[in-house]
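As structure tokens, the structure follows; a few thoughts come after it.
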Amino acid sequence: MVIDSHAHIFPEKIAGKALGKLSSIVHIDPCTDGTAPDLIRSMRKGGVDISIILPVVTDVHQFDSILRFSTYINEMYSHPDQPHRLISTGGIHPDDPDYKERLALLRREGFHALKVHPNYQGVHFNDIRFKRLLYAAAEQDMTIITHAGFDALTPKEEFCTPDMILEILREVAPEKLIAAHMGSNRNYAEAEEKLCGRNVYFDTAYVLTELSPEQFTRMVRKHGADKVLFATDTPWSSQEYGVDFIRNCPLTDAEKMRILSENAQKLFKI
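Following this line, the structure appears as structure tokens:
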């Protein structure tokens, strides 16, 4: 089994507009058209069995609409009998005054994970608002995924650095925190120095287009293959390329299995 732990789609009515806007920000040609059917086409071509969809609540008032879309995805595409499944996480803005009630609602609705994006939400990851949200999410036994490192939306400022993650680990100590993009997008040396070996998970979203197989293998061995999840950030990088990259890395078969599926099965309760 292959699980892509970090993918994005949009409602079909707005996918073209949303993807066009984001493409103009990140300056990357997308690999899909941003819809669920085209993601499934990509999965079929790349040998991916399950994609985890990560919505971003960029405004407090988006919670209900994104919950409806995430619930729709799970109802339509997550059935175990389907050959290519989509499973959506939940999303909450750190400014939401009702974050505890929102988390309880997500858990009642069957969501096991929460995506946050400090850059798009305009809050630094070590801000007290995130600390409260992450602590409450951990109490609900939820996996937390955060964007980490550089983002083209805020090119002059990182909203989630390795030092901020270390502060979260010291003060909140979440057991299931995933720092996307190998701990710090485009700042892999600092992530390797400060985060490898810590109690935090990495995902490989987008970074397999930038890391050499040798550097990636070194980081995996230093951090532990049981703490790394395969991810592509599709539509921003190819699932087929990502799967081939992992399969051709100088890792053991057991390490590849952990990265490609076993770690995600545990964290997302698949």
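In terms of our numbering, the sequence shown opens at residue 174 and continues consecutively. In this text, a Cβ means the ideal position worked out from N, Cα and C, and glycines have one as well.
For residue i, the three-state DSSP class (helix, strand or coil)
{"i": "His179", "result": "strand"}
{"i": "Asp376", "result": "strand"}
{"i": "Ile318", "result": "strand"}
{"i": "Val296", "result": "coil"}
{"i": "Lys190", "result": "helix"}
{"i": "Ser224", "result": "strand"}
{"i": "Asn360", "result": "coil"}
{"i": "His234", "result": "helix"}
{"i": "Arg162", "result": "Absent from the structure is residue 162, since the part of the chain shown begins at 174 and ends at 443."}
{"i": "Ala209", "result": "helix"}
{"i": "Val199", "result": "helix"}
{"i": "Arg371", "result": "coil"}
{"i": "Ile443", "result": "coil"}
{"i": "Glu185", "result": "coil"}
{"i": "Thr244", "result": "helix"}
{"i": "Lys216", "result": "The amino acid at residue 216 is misidentified as Lys; the sequence shows Met. Helix, per DSSP."}
{"i": "Leu381", "result": "helix"}
Rounded distance between the beta-carbons of residue j and residue i, thought under 8 Å
{"i": "Glu441", "j": "Ile225", "result": "Reading the sequence as shown, one finds Phe at residue 441 and not Glu. With a Cβ gap of about 6 Å, Phe441 and Ile225 count as contacting."}
{"i": "Cys333", "j": "Pro267", "result": "With 8 Å as the limit, Cys333 and Pro267 do not qualify as a contact, their Cβ atoms being about 12 Å apart."}
{"i": "Leu326", "j": "Tyr293", "result": "6 Å"}
{"i": "Cys369", "j": "Lys395", "result": "4 Å"}
{"i": "Asp177", "j": "Val233", "result": "29 Å between Cβ atoms; not a contact."}
{"i": "Gly219", "j": "Glu413", "result": "4 Å"}
{"i": "Leu279", "j": "Ala209", "result": "Contact flag wrong, Cβ pair sits at about 20 Å."}
{"i": "Val345", "j": "Leu307", "result": "5 Å"}
{"i": "Ile419", "j": "Leu433", "result": "6 Å"}
{"i": "Lys288", "j": "Val229", "result": "6 Å"}
{"i": "Leu276", "j": "Ala321", "result": "With a Cβ gap of about 21 Å, Leu276 and Ala321 do not count as contacting."}
{"i": "Trp409", "j": "Tyr374", "result": "That belief does not hold up - the Cβ atoms of Trp409 and Tyr374 are roughly 20 Å apart, past 8 Å."}
{"i": "Leu424", "j": "Ala398", "result": "7 Å"}
{"i": "His179", "j": "Leu227", "result": "6 Å"}
Residue i - partner residues in DSSP beta bridges
{"i": "Lys116", "result": "Lying before the first or after the last residue shown, residue 116 is absent from the chain, which here runs from 174 to 443."}
{"i": "Asn436", "result": "Paired residues: none, contrary to the question."}
Short CB-CB distance (under 7 Å) between residue i and chain D
{"i": "Arg275", "result": "No chain D is part of this structure, which consists of one protein chain only."}
(message) In chain order, what are the residue ranges of uninterrupted alpha helix (DSSP H) at least 4 long that sit wholly in the region 246-286?
(response) Restricted to the region 246-286, the alpha helix (DSSP H) segments that are unbroken, complete and at least 4 residues in length are 272-281, listed in chain order.
(message) Restricting to runs no shorter than 3 residues, where is the beta strand (DSSP E) found entirely within the region 302-351?
(response) As far as the region 302-351 is concerned, its whole beta strand (DSSP E) runs of at least 3 residues are 316-319.
(message) Report the start-end ranges of each alpha helix (DSSP H) in the region 383-415 that is 4 residues or longer and not cut off at the edges.
(response) As far as the region 383-415 is concerned, its whole alpha helix (DSSP H) runs of at least 4 residues are 386-396.
(message) Across the region 300-308 and the region 235-242, are there enough close Cβ pairs to call them in contact, namely three or more that are closer than 8 Å?
(response) Contact between the region 300-308 and the region 235-242 is absent, because fewer than three Cβ pairs lie under 8 Å.
(message) Across the region 324-339 and the region 347-366, are there enough close Cβ pairs to call them in contact, namely three or more that are closer than 8 Å?
(response) The answer is yes - the region 347-366 touches the region 324-339, with three or more Cβ pairs under 8 Å.
(message) Would you call the region 180-188 in contact with the region 379-393, where contact means no fewer than 3 C-beta pairs closer than 8 Å?
(response) With the rule of 3 Cβ pairs closer than 8 Å, the region 180-188 does not count as touching the region 379-393.
(message) Does the contact criterion of 3 or more C-beta pairs under 8 Å hold for the region 198-216 versus the region 395-411?
(response) Contact between the region 198-216 and the region 395-411 is present, because at least three Cβ pairs lie under 8 Å.
(request) For the region 346-361 and the region 313-329, state whether three or more C-beta atom pairs, one from each stretch, are separated by less than 8 Å. (result) Yes, the region 346-361 is in contact with the region 313-329.
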